[in-house]
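This report refers to the structure that appears directly beneath it.
Protein chains: 2
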Amino acid sequence: MNNQIEIQLSAKRKEKPSFSDLKFGKTYTDHMFIMDYSREKGWYDPRIVPYQPITLDPAATIFHYGQTIFEGLKAYKNENEEVFLFRPEENFKRLNRSSVRLCIPEVDEDLALEALVKLVSIDRDWVPDVKGTSLYIRPFTISTEPNLDVTPSQKYRFMIIMSPVGAFYKEGMNPVKIAVESEYVRAVRGGTGNAKTAGNYAAAMLVQEKASAAGYSQVLWLDGKENKYIEEVGSMNVFFKINGEVVTPELSGSILEGITRKSVIELLKHWGVPVSERRISMEEVYEAHQNGQLEEAFGTGTAAVISPIGELFWNGEIISINDNKTGELSLKIYNTLTGIQIGKEDDPFGWRVKVE
Amino acid sequence: MNNQIEIQLSAKRKEKPSFSDLKFGKTYTDHMFIMDYSREKGWYDPRIVPYQPITLDPAATIFHYGQTIFEGLKAYKNENEEVFLFRPEENFKRLNRSSVRLCIPEVDEDLALEALVKLVSIDRDWVPDVKGTSLYIRPFTISTEPNLDVTPSQKYRFMIIMSPVGAFYKEGMNPVKIAVESEYVRAVRGGTGNAKTAGNYAAAMLVQEKASAAGYSQVLWLDGKENKYIEEVGSMNVFFKINGEVVTPELSGSILEGITRKSVIELLKHWGVPVSERRISMEEVYEAHQNGQLEEAFGTGTAAVISPIGELFWNGEIISINDNKTGELSLKIYNTLTGIQIGKEDDPFGWRVKVE
Ligand SMILES: Cc1ncc(COP(=O)(O)O)c(C=O)c1O
Ligand SMILES: Cc1ncc(COP(=O)(O)O)c(C=O)c1O
Numbered sequence: 567m568n569n570q571i572e573i574q575l576s577a578k579r580k581e582k583p584s585f586s587d588l589k590f591g592k593t594y595t596d597h598m599f600i601m602d603y604s605r606e607k608g609w610y611d612p613r614i615v616p617y618q619p620i621t622l623d624p625a626a627t628i629f630h631y632g633q634t635i636f637e638g639l640k641a642y643k644n645e646n647e648e649v650f651l652f653r654p655e656e657n658f659k660r661l662n663r664s665s666v667r668l669c670i671p672e673v674d675e676d677l678a679l680e681a682l683v684k685l686v687s688i689d690r691d692w693v694p695d696v697k698g699t700s701l702y703i704r705p706f707t708i709s710t711e712p713n714l715d716v717t718p719s720q721k722y723r724f725m726i727i728m729s730p731v732g733a734f735y736k737e738g739m740n741p742v743k744i745a746v747e748s749e750y751v752r753a754v755r756g757g758t759g760n761a762k763t764a765g766n767y768a769a770a771m772l773v774q775e776k777a778s779a780a781g782y783s784q785v786l787w788l789d790g791k792e793n794k795y796i797e798e799v800g801s802m803n804v805f806f807k808i809n810g811e812v813v814t815p816e817l818s819g820s821i822l823e824g825i826t827r828k829s830v831i832e833l834l835k836h837w838g839v840p841v842s843e844r845r846i847s848m849e850e851v852y853e854a855h856q857n858g859q860l861e862e863a864f865g866t867g868t869a870a871v872i873s874p875i876g877e878l879f880w881n882g883e884i885i886s887i888n889d890n891k892t893g894e895l896s897l898k899i900y901n902t903l904t905g906i907q908i909g910k911e912d913d914p915f916g917w918r919v920k921v922e
Numbered sequence: 567m568n569n570q571i572e573i574q575l576s577a578k579r580k581e582k583p584s585f586s587d588l589k590f591g592k593t594y595t596d597h598m599f600i601m602d603y604s605r606e607k608g609w610y611d612p613r614i615v616p617y618q619p620i621t622l623d624p625a626a627t628i629f630h631y632g633q634t635i636f637e638g639l640k641a642y643k644n645e646n647e648e649v650f651l652f653r654p655e656e657n658f659k660r661l662n663r664s665s666v667r668l669c670i671p672e673v674d675e676d677l678a679l680e681a682l683v684k685l686v687s688i689d690r691d692w693v694p695d696v697k698g699t700s701l702y703i704r705p706f707t708i709s710t711e712p713n714l715d716v717t718p719s720q721k722y723r724f725m726i727i728m729s730p731v732g733a734f735y736k737e738g739m740n741p742v743k744i745a746v747e748s749e750y751v752r753a754v755r756g757g758t759g760n761a762k763t764a765g766n767y768a769a770a771m772l773v774q775e776k777a778s779a780a781g782y783s784q785v786l787w788l789d790g791k792e793n794k795y796i797e798e799v800g801s802m803n804v805f806f807k808i809n810g811e812v813v814t815p816e817l818s819g820s821i822l823e824g825i826t827r828k829s830v831i832e833l834l835k836h837w838g839v840p841v842s843e844r845r846i847s848m849e850e851v852y853e854a855h856q857n858g859q860l861e862e863a864f865g866t867g868t869a870a871v872i873s874p875i876g877e878l879f880w881n882g883e884i885i886s887i888n889d890n891k892t893g894e895l896s897l898k899i900y901n902t903l904t905g906i907q908i909g910k911e912d913d914p915f916g917w918r919v920k921v922e
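Protein chains in written order, with the numbering used here: chain F, 567 to 922; chain D, 567 to 922.
Below is the structure:
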């Protein structure tokens with residue numbers, strides 16, 4: 567394979583939206599990265615081209631059998647106009663793990679990272695510099711062969727698109743209200759829960775819509791076998807601080823291995839805060855709450871970094887946490903992680919990648 | 567909404583493949599049906615146009631969050647050049663049930679059927695007339711709004727494409743070998759198992775590939791909670807004849823409500839053959855086999871109509887059924903159903919729709 571990334575710059579640059587009033591995922595930058603795959607050639611023609619629509623046969627398997635996986639990460643710009651990525655190599659590792667589960671060919675992680683850095687560098691002006699904003703990056707692979715047989719596609723396309731996004735917390739951190747779902751299930755062991763693939767998100771929409779209508783910002787999923795053990799939130803992993811110990815559900819195969827989750831665990835260990843990855847039931851969380859030992863709860867994910875949970879609604883009961891206020895530890899983790907991401911704090915773990 | 571279907575005929579007709587040597591889902595007819603949806607307009611612009619590629623923004627939610635559903639049915643042509651559809655209204659009913667689960671707007675079933683009949687009529691020459699062949703029809707809806715937020719799309723496209731397919735049984739009915747899967751899971755109650763949506767098929771590919779490599783043509787899925795009860799085969803529902811009674815797994819919410827399944831149940835009741843829809847475990851099938859009471863087993867689906875099962879591989883044991891030969895009842899059902907479909911048998915249930 568020819569690993570040389572070809573670059574075709576856009577003749578006309580689009581007008582940028584106001585960086586102080588960005589909506590999530592609505593505007594896209596001037597360029598995108600594309601690379602195609604066929605059984606015979608492997609991955610070929612890596613190229614950066616102007617952002618543009620793509621053309622597919624209506625029988626392309628992506629439309630019918632959903633062979634697709636994606637990633638999500640961000641680029642941050644600070645006051646000194648420095649641009650950083652946060653652990654991007656972890657995203658490409660996870661992309662490849664997801665690919666294996668979906669019978670999609672893996673990409674060369676080094677090439678993907680090189681392409682990403684080049685792309686961000688070319689569209690550097692699109693990385694917003696207003697406090698809390700960032701450039702959201704979406705690598706993804708779709709199956710493109712026209713074929714109605716239910717069998718892995720012979721052709722794929724890997725792409726990276728990017729979109730400037732606003733601050734998650736415009737008026738300081740607000741703890742969220744989350745509904746615990748006991749009927750519908752997101753994923754089970756042996757399913758695709760630990761892969762970042764479209765079907766997981768499509769399956770969750772109906773429940774998410776119901777939760778939103780009832781005033782809850784997200785859904786907390788329980789395991790598919792017993793409807794007992796905590797899995798994760800719509801697009802966040804979840805942590806509980808109980809009597810001084812931080813607990814997060816273990817990687818059982820049915821939850822996503824969040825990169826923020828991983829970073830939080832590493833940070834807590836570094837600080838000497840007791841943290842354990844294990845099964846944890848809603849029962850246990852409820853009892854800890856009743857005994858006054860449920861000190862904090864928060865979600866972790868690329869979008870919010872840390873999202874304090876103020877209230878859980880479960881089996882008709884409201885479990886309110888830390889008086890609906892952001893916990894001390896949650897805030898400390900948030901400040902440290904965002905500080906590392908933006909280049910304001912030391913980076914003892916080497917998590918930052920600078921884009922020149 | 568303007569329900570008038572606009573028709574734009576193709577200036578150039580494609581060369582047709584040889585109808586005695588067709589592969590599944592590789593060639594498409596001259597025309598396709600399209601209808602678009604927006605929140606403001608509802609479904610609009612129903613139209614039949616030349617078969618052609620479609621163009622989408624790379625941020626279209628179909629590529630990321632997989633909001634999509636599909637259907638599969640067939641048109642048959644007999645020696646008198648008559649063309650029939652088999653219970654097409656059932657497919658559009660199921661399409662709409664799947665849509666609700668995936669937060670996709672429902673289509674007008676009458677309009678969809680009218681469009682389908684018009685489309686088949688226009689591409690009537692594409693319905694192959696060689697024994698056992700048919701025109702496979704694929705209605706599907708995809709979400710098209712460019713938006714990286716995980717929320718139901720505001721825009722959709724409904725399409726119907728068609729492909730001539732060869733005979734399933736070229737050299738008579740061959741019983742298939744099927745591997746029972748006890749680790750991976752296809753769907754659970756509360757999941758999307760009873761919706762015909764891409765994610766279910768994407769999730770199954772890895773296991774299907776392993777089964778194929780081991781010499782099994784399909785996978786038999788067990789329930790996601792206990793890994794005990796029989797669900798369905800890759801793209802077929804499943805029936806067992808045990809000691810004179812025909813048993814098929816009940817519609818638990820995690821299996822597809824097959825139209826062939828429904829027709830087989832109605833046919834058996836019509837004939838006075840005892841048939842029940844209930845939970846059935848692999849344990850029970852195994853015991854029936856040990857006691858010599860497992861008389862027949864077969865899958866049902868649009869592709870094969872009836873597919874006799876000659877062997878099940880479960881927990882390291884081979885369960886061979888009826889000496890690997892097609893059972894009497896299986897054959898009778900097959901002959902009756904295909905006879906009705908092609909217009910050779912009476913149609914006491916009114917299942918046929920003639921295309922003029
Ligand atoms: C289902 C799910 N869980 C967890 C996460 C958090 O992962 P990360 O920290 O890598 O963003 C995400 C999103 O990104 C997700 O989609
Ligand atoms: C998962 C699954 N189950 C069962 C069936 C059988 O349904 P039908 O008889 O309507 O073709 C199909 C396919 O069509 C299917 O995809």
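Glycine is no exception: its CB is placed at the ideal position from the N, C-alpha and C atoms.
Find the residues of chain D that neighbour residue i, judging by a C-beta separation of less than 9 Å, and give them in chain order.
{"i": "Asn646 (chain F)", "result": "Those do not exist, as Asn646 (chain F) stays about 28 Å from chain D at its closest Cβ, beyond 9 Å."}
{"i": "Ser801 (chain F)", "result": "Val716"}
Give the residues of chain F in contact with residue i, contact being defined as C-beta atoms less than 9 Å apart.
{"i": "Leu679 (chain D)", "result": "Under the 9 Å cutoff, chain F gives no residues; its nearest Cβ is about 20 Å from Leu679 (chain D)."}
{"i": "Ser576 (chain D)", "result": "The contacting residues do not exist; Ser576 (chain D) stays about 15 Å from chain F at best."}
{"i": "Arg827 (chain D)", "result": "Chain F residues near Arg827 (chain D): none, gap ~18 Å exceeds 9 Å."}
Would you say residue i lies against chain F (beta-carbon separation less than 8 Å)?
{"i": "Gln784 (chain D)", "result": "no"}
{"i": "Lys791 (chain D)", "result": "yes"}
{"i": "Tyr594 (chain D)", "result": "yes"}
{"i": "Ile923 (chain D)", "result": "The structure shown does not extend to residue 923 (chain D), since chain D is modelled only from 567 through 922, so no value can be given for it."}
{"i": "Glu614 (chain D)", "result": "It should be pointed out that residue 614 (chain D) corresponds to Ile in this sequence rather than to Glu. No - not a single Cβ of chain F is within 8 Å of the one on Ile614 (chain D)."}
{"i": "Gly738 (chain D)", "result": "no"}
{"i": "Gly824 (chain D)", "result": "no"}
{"i": "Pro705 (chain D)", "result": "no"}
{"i": "Pro694 (chain D)", "result": "no"}
{"i": "Leu668 (chain D)", "result": "yes"}
So the beta strand (DSSP E) residue i belongs to, where does it begin and stop?
{"i": "Gly865 (chain F)", "result": "860-867"}
{"i": "Ile875 (chain D)", "result": "871-880"}
{"i": "Leu622 (chain D)", "result": "620-622"}
Could you give the residue range of the alpha helix (DSSP H) that holds residue i?
{"i": "Gln856 (chain D)", "result": "848-856"}
{"i": "Lys898 (chain F)", "result": "894-908"}
{"i": "Ser829 (chain F)", "result": "825-837"}
{"i": "Tyr642 (chain D)", "result": "Segment 639-643 is the beta strand (DSSP E) holding Tyr642 (chain D); no alpha helix (DSSP H) there."}
{"i": "Ala628 (chain D)", "result": "In the sequence on display, residue 628 (chain D) carries Ile and not Ala. Start and end: 628-631."}
Can you find a CB in chain D that lies within less than 8 Å of the CB of residue i?
{"i": "Asp623 (chain F)", "result": "yes"}
{"i": "Met598 (chain F)", "result": "yes"}
{"i": "Gly781 (chain F)", "result": "no"}
{"i": "Asn569 (chain F)", "result": "no"}
{"i": "Phe879 (chain F)", "result": "no"}
{"i": "Ala641 (chain F)", "result": "no"}
{"i": "Met728 (chain F)", "result": "no"}
{"i": "Thr904 (chain F)", "result": "no"}
{"i": "Ile573 (chain F)", "result": "no"}
{"i": "Tyr702 (chain F)", "result": "yes"}
Output, in chain order, the set of chain D residues within a Cβ distance shorter than 8 Å of residue i.
{"i": "Pro718 (chain F)", "result": "Met771, Glu775"}
{"i": "Pro619 (chain F)", "result": "Thr621, Leu622, Asp623, Pro624"}
Just to make sure I have the definition right: I need the residues of chain D whose C-beta is within less than 7 Å of the C-beta of residue i. Which are they?
{"i": "Glu749 (chain F)", "result": "Gly756"}
{"i": "Ile688 (chain F)", "result": "Going along chain D, no residue has its Cβ under 7 Å from Ile688 (chain F), so there is no contact; the nearest lies around 16 Å."}
{"i": "Asp715 (chain F)", "result": "Phe590, Gly591"}
Within 8 Å of any Cβ in chain C, is that where the Cβ of residue i sits?
{"i": "Leu834 (chain D)", "result": "No chain C is part of this structure, whose protein chains are labelled F and D."}
What residues of chain F sit near residue i, judged by a beta carbon separation below 7 Å?
{"i": "Pro741 (chain D)", "result": "Neighbours of Pro741 (chain D) on chain F: none; closest Cβ ~21 Å, over 7 Å."}
Confirm the yes/no value for this check: CB of residue i, any heavy atom of ligand 3, distance under 7 Å.
{"i": "Lys640 (chain D)", "result": "Ligand 3 is not part of this structure, which contains only ligand 1 and ligand 2."}
Mind pulling the alpha helix (DSSP H) runs of 4 or more residues that sit fully within the stretch 664-741 of chain D?
The DSSP assignment places 675-688 as complete runs of the alpha helix (DSSP H) inside the stretch 664-741 of chain D, in order along the chain (cut-off: 4 residues).
Around ligand 1, what residues have a beta-carbon under 6 Å from a heavy atom of it, in chain order?
In chain order, the qualifying residues are F:Gly638, F:Glu798, F:Ser801, F:Met802, F:Asn803, F:Leu822, F:Gly824, F:Ile825, F:Thr826, F:Arg827, F:Thr866, F:Gly867, F:Thr868.
Could I get the ranges of all uninterrupted beta strand (DSSP E) runs contained in the stretch 579-610 of chain D, with 3 residues as the minimum, in chain order?
Entirely contained in the stretch 579-610 of chain D, the beta strand (DSSP E) runs reaching 3 residues are, in chain order, 597-604.
What residue ranges within the stretch 767-819 of chain F form continuous beta strand (DSSP E) runs of no fewer than 3 residues, ordered along the chain?
Correct list: 784-788, 796-799, 803-808, 811-814.
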